[in-house]
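Read through the structure below, which is laid out as structure tokens, and then see the notes.
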Amino acid sequence: MAEIGSARRLMEDYQRHIVQLAELRVLLEERLGAADAGLDDIAEIEAAIERMDLGLYGTCRRCEAFIPVAQLRLAPHKQECAACRERMRMSA
Numbered sequence: 001m002a003e004i005g006s007a008r009r010l011m012e013d014y015q016r017h018i019v020q021l022a023e024l025r026v027l028l029e030e031r032l033g034a035a036d037a038g039l040d041d042i043a044e045i046e047a048a049i050e051r052m053d054l055g056l057y058g059t060c061r062r063c064e065a066f067i068p069v070a071q072l073r074l075a076p077h078k079q080e081c082a083a084c085r086e087r088m089r090m091s092a
């Protein structure tokens, strides 16, 4: 009987371990998503600085329309006008 109880405890421990691993996987995937978003922001910031050096900053990189200063102040690294961003969002 002791062996059955020991096996049962091992199975319970194993099940708890599986649940914990699943929870940790979700956390890791969330962190990975956040890290990927951060990398995207870095790339966008670098691209905005490059556009500034080229004299293109403040114009939409898709349609070349001027981006309002108020919009640039909210998200200075975003280099699409509101209309192009909306079109991109709708097509995604």
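Counting along the sequence shown from 1, when you hit position 24 you're at 24 in full-length UniProt numbering, and nothing is skipped either side.
All C-beta atoms, glycine included, are put in the ideal place defined by N, C-alpha and C.
Here the alpha carbons of Ile4 and Glu23 stand approximately 29 Å from one another. Rounded to whole angstroms, the separation of the alpha carbons of Cys84 and Ser91 is 11 Å.
Residue Ile45 holds the alpha-carbon nearest to the alpha-carbon of Lys78 among Arg89, Ile45 and Met52. Contact annotation: Glu86 and Arg62 have beta-carbon atoms that are not nearer than 7 Å. By the 16-neighbour rule on beta-carbons within 10 angstroms, Ile42 is exposed. Ile67 counts as buried, since no fewer than 16 other beta carbons sit within 10 angstroms of its beta carbon.
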